[in-house]
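Residue numbers (the numbering used here): 7 to 341. Structure first, then comments.
What follows is the structure, given as structure tokens:
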């Protein structure tokens, strides 16, 4: 059984690939090693995966249609997990074309390959950012998400819409996962935990947006990987009760499904910082700033559907997860 994991050098893609390899599966890891953040960090992740005999590394971009077609012609993938994307809300304000190239053009190329190769299941990354201006908490996949406030969020909603089209028209089983603030060892350098930890250790100010009046549903990487792994072999089925007069955004008459995947707990930013301080044994120097364009003040995942369908239950507390990240950070950067 052969898996294709795109974005395998990325944070979630690396951890998922390693998990699958530890289970004995064949994994092809694809990534273009984008310089959006440290390429060295990505290469170090990949070096760990390359130690597995069942791993094949491929460095291409999803935007490269010819190379992607050639990859699918050489392999018979059973499952495809798309974790490749141009990430980041704020970066999308200044580099919009990166999101169109990676998240729109690249994704339709992947859909075409999956369609013609008749893969069993495409699982793809969406984001909690798609909820945009929604204020009803916790966020539910059954709510309308027509008001994203960043191009990144709009591109992720576009992925959901594109996948639905392929599911409905061609019977391609597709499941979208809306990730909620994933953190943990080998995490992204542009995320708050990484930035706060580095700044506190270097005794530099941390930037606290919306004057600290923010809440996030922080989700530990091991819980995320377990959730993805449980979703992969569960093929979505058409919702026989779906009605066009009252359309459910999370389901479809076709083999399509969307889930939130989060910790189901909303943590205050100030408490999050306090946990980091306690783990480091150092106090932060805080610089309070207004809410940034594209950011939402609160996220909170309703994961009832994922619990019911695959038994997903996150296990890692914020205190335990932050300590694990900091232990890795200090070791990797030799603090």
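Ideal Cβ positions, reconstructed from N, Cα and C, are used throughout, including at glycine. Please read these numbers as outputs of a predicted model, since none were measured by experiment.
Rounded distance between the beta-carbons of residue j and residue i, thought under 8 Å
i	j	result
residue 244	residue 259	5 Å
residue 123	residue 262	About 18 Å; that fails the 8 Å criterion.
residue 186	residue 223	4 Å
residue 265	residue 184	7 Å
residue 126	residue 84	5 Å
residue 98	residue 300	7 Å
residue 88	residue 12	5 Å
residue 327	residue 189	6 Å
residue 240	residue 333	Incorrect: roughly 33 Å between the Cβ atoms, too far for contact.
residue 143	residue 207	Actually they are not in contact, since the Cβ atoms of residue 143 and residue 207 sit about 33 Å apart, beyond 8 Å.
Neighbourhood of residue i by C-beta, 8 Å cutoff - its chain only, sequence neighbours within 5 removed
i	result
residue 153	138, 139, 140
residue 303	216, 219, 220, 221, 297
residue 193	17, 199, 200, 227, 331
residue 60	27, 30, 31, 32, 33
residue 117	128, 168, 169, 172, 178
residue 43	194, 195, 196
residue 147	184, 255, 256, 264, 265, 266, 308, 311
residue 305	134, 137, 145, 186, 187, 221, 222, 223, 268, 272
Own chain partners of residue i with C-beta closer than 7 Å, once the 5 adjacent residues on each side are dropped
i	result
residue 82	8
residue 38	65, 66, 67
residue 257	245, 248, 263
residue 75	119
residue 273	221, 222, 224, 324
residue 329	285
Counted within 10 angstroms of its Cβ, other Cβ atoms place residue i as buried (16 or more) or exposed
i	result
residue 41	exposed
residue 321	exposed
residue 251	exposed
residue 24	buried
residue 135	buried
residue 105	buried
residue 52	buried
residue 166	buried
residue 225	buried
residue 131	buried
residue 35	buried
Proximal residues to residue i (C-beta, below 6 Å), its chain only, five neighbours per side dropped
i	result
residue 78	119, 123
residue 335	203
residue 48	15, 39
residue 276	218
residue 107	69
residue 214	292, 294
residue 62	34
Every unbroken alpha helix (DSSP H) within the region 49–133, with a cutoff of 4 residues, ordered by chain: 71–80, 97–100, 102–105, 112–123
Stretch pair the region 101–114 + the region 63–73: three plus CB contacts closer than 8 Å: The answer is yes - the region 63–73 touches the region 101–114, with three or more Cβ pairs under 8 Å.
Three-pair Cβ contact test at 8 Å for the region 278–292 versus the region 230–237: no
Segment contact flag, the region 195–214 with the region 268–285, C-beta cutoff 8 Å, min 3 pairs: yes
Contained alpha helix (DSSP H) runs [length at least 4] in the region 307–331, N- to C-terminal order: 310–316
Touching by the beta-carbon criterion (3+ pairs, under 8 Å), the region 154–173 and the region 91–101: yes
Segments assigned alpha helix (DSSP H), at least 4 residues, entirely inside the region 196–256: 198–207, 227–237
Whole runs of the beta strand (DSSP E) within the region 24–51, excluding any shorter than 3 residues: 32–37
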